[in-house]
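Participant: In this text, residue positions in the sequence shown follow the numbering used here: the first is 6, and each later residue adds one. Note that the Cβ used here is the ideal one computed from N, Cα and C, for glycine as well. Please read through the structure below; I'll follow up with questions.
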Amino acid sequence: MIANLETLSALSELGTMTKAATRLRITQSAVSKRIAALEASTSHRLIERVGRGVRLTPAGVSLLEKTDPFMTALRDALRDDRPAGSERLEIGVSESILASWGAEILARVWEANPRLALVVNAHRSPVALDHVRSGEYVLALCAGLAEDTPELRSEVIYEEPMVIVPRGLGRLKLENDVQVMTIEPHSATWQCIGRRIRAASRSWPFRIEVTQTLQSFACIAQMAKCGLAHGLVPLGIAQALGIPEKNVLPFPEPGLTRPVSLVGRASAFARPAAEAFHESLIEAAEVTISSRDLD
């Protein structure tokens with residue numbers, strides 16, 4: 006029943022079977038079966054089709070309004086009911102962060118807090134934020150700025166440099182129009198750096214022209230490395246793929262960066278486990294990042 010209610014909540018928020026299935030990491034068929042089981046239990050139709058999406062019926066809305074307080078209380082109870090000495094903290098992390106420098110930082114955090122049972126989930130930043138909003142995760146380490154989440158507290162941990170990986174790691178002069186492949190436009194990173202590029206490019210001797218986009222920075226860097234395009238990626242991704250520093254091009258001072266933020270509810274930051282994680286994360290970031298930034 007709990008899983009079925011979570012599925013109904015996801016459909017209410019996201020509006021499509023596909024997005025709900027992605028959020029819950031199940032198939033669309035499983036989403037349909039869960040809703041069917043819930044409708045059979047309540048003897049009410051809970052969702053209805055609207056174009057290519059779905060929306061809750063009045064009965065579905067009423068059911069969520071009645072069960073949301075219970076679901077929130079249940080998550081809090083499960084989170085707090087731990088054996089003595091055990092501190093469990095479930096977080097979401099942007100995939101591009103975890104695939105580069107994020108894993109090293111989390112390892113340092115764990116070393117500093119061996120009693121902390123850290124549960125890490127990898128997502129795209131918007132999905133990680135959704136899990137924080139729903140109460141499933143306590144915190145999220147995300148790329149970009151959490152500007153549309155006034156109910157959440159957000160703290161920028163790091164301004165990660167963005168670099169250009171030249172096609173085939175060859176020579177590239179930054180002048181005139183520089184055509185690049187980069188992350189897709191709806192990503193949290195692009196929504197932030199797109200504005201920064203537009204603002205800073207007035208003083209650059211070149212203009213960035215995005216000719217192709219993908220959903221993965223790692224794929225973009227790998228394709229650039231293999232000669233398919235110039236890639237605009239975070240420095241950490243280039244380093245994780247073993248691309249030498251001499252083969253990446255930074256932007257003119259003061260550079261182009263993407264913000265990396267720790268996000269959670271204000272009440273979550275006050276929890277002992279989250280507070281310890283927060284403090285250790287900042288310390289670990291200073292040590293790890295200082296050794297990775299371009300000279």
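(1) Can the beta-carbon of T187 be found less than 8 Å from the beta-carbon of V215?
(2) List, from N- to C-terminal side, the alpha helix (DSSP H) runs of 4 residues or more that fit wholly inside the stretch 138-222.
(3) Give the C-beta separation of F9 and A35 to the nearest angstrom, bearing in mind that I take them to be a contact with Cβ-Cβ under 8 Å.
(4) Per DSSP, what kind of secondary structure is G120 in: helix, strand or coil?
(5) Going by C-alpha distance, which of E11, K178, I294 is nearest T72?
(6) Between the beta-carbon of V168 and the beta-carbon of V265, is there less than 8 Å?
(7) Can you check which of these residues, A112, T62, E92, is closest to V292 by C-alpha distance?
(8) Under 8 Å: do the stretch 174-186 and the stretch 200-208 share three or more Cβ pairs, one atom per stretch?
(9) Would you mind working out which of V137, R158, T262 sits nearest R28, comparing C-alpha positions?
(10) Rounding to the nearest angstrom, what Cα-Cα distance links V98 and W115 in this structure?
(11) State yes or no: is the beta carbon of I188 nearer than 8 Å to at least one beta carbon in chain C?
(12) Specify the secondary structure class of P239 as computed by DSSP and reduced to three states.
(13) Work out the CA separation of V183 and I213 for me, nearest whole Å.
(14) Straight-line CA distance for H70 to S14?
(15) So what's L29 in DSSP terms, helix, strand or just coil?
(16) Is E53 helix, strand or coil when you go by DSSP?
(17) Return yes when the Cβ of I198 is within less than 8 Å of the Cβ of L150, no when it is not.
(18) One question on the structure: do L121 and A281 come within less than 8 Å of each other, judged by their Cβ atoms?
(19) In angstroms, rounded to a whole number, what distance separates the CA positions of R158 and V170?
(20) Alpha carbon to alpha carbon, what distance is there between I110 and G232?
(21) Is it true that the CB of L94 sits closer than 8 Å to the CB of V124?
(22) Whole angstroms are fine: how far does the CA of A290 sit from the CA of I96?
(23) Determine the direct distance from the alpha carbon of A64 to that of E165, and round the result to whole angstroms.
(24) Could you give the first and the last residue of the continuous beta strand (DSSP E) run that contains I96?
Facilitator: The answer reads as follows:
(1) With contacts defined by Cβ atoms closer than 8 Å, T187 and V215 form a contacting pair.
(2) Qualifying alpha helix (DSSP H) stretches, in chain order: 193-205.
(3) It is worth fixing the name first, because residue 9 is Asn in this sequence and not Phe. With a Cβ gap of about 10 Å, N9 and A35 do not count as contacting.
(4) The residue you asked about is not Gly; residue 120 is Arg in the sequence shown. DSSP places R120 in coil when its eight states are reduced to three.
(5) Per the Cα distances, E11.
(6) V168 is not a Cβ neighbour of V265, given a cutoff of 8 Å.
(7) When the alpha-carbon of V292 is set against those of A112, T62, E92, the nearest one is in A112.
(8) In short, these stretches do not touch, since the Cβ pair count stays below three.
(9) Closest in C-alpha terms to R28, from the list V137, R158, T262, comes V137.
(10) Distance between the alpha carbons of V98 and W115 is about 15 Å.
(11) In summary, chain C is missing from the structure at hand, where a single protein chain is found.
(12) For P239, the three-state secondary structure derived from DSSP is strand.
(13) Within the model, the alpha-carbon separation for I213 versus V183 is close to 5 Å.
(14) Reading the sequence as shown, one finds Glu at residue 70 and not His. Taking the straight line from one Cα to the other gives about 10 Å.
(15) L29: helix per DSSP, three-state reduction.
(16) E53 falls in the strand class under three-state DSSP.
(17) In this structure, I198 does not lie closer than 8 Å to L150 by Cβ.
(18) In this structure, A281 lies closer than 8 Å to L121 by Cβ.
(19) For R158 and V170, the distance between alpha carbons rounds to 34 Å.
(20) The alpha-carbon atoms of G232 and I110 are separated by roughly 31 Å.
(21) Using a Cβ distance threshold of 8 Å, V124 and L94 count as a contacting pair.
(22) Just so you know, the alpha carbons of I96 and A290 end up roughly 17 Å apart.
(23) Cα-Cα distance, rounded: 47 Å.
(24) From DSSP, the beta strand (DSSP E) with I96 extends over 92-99.
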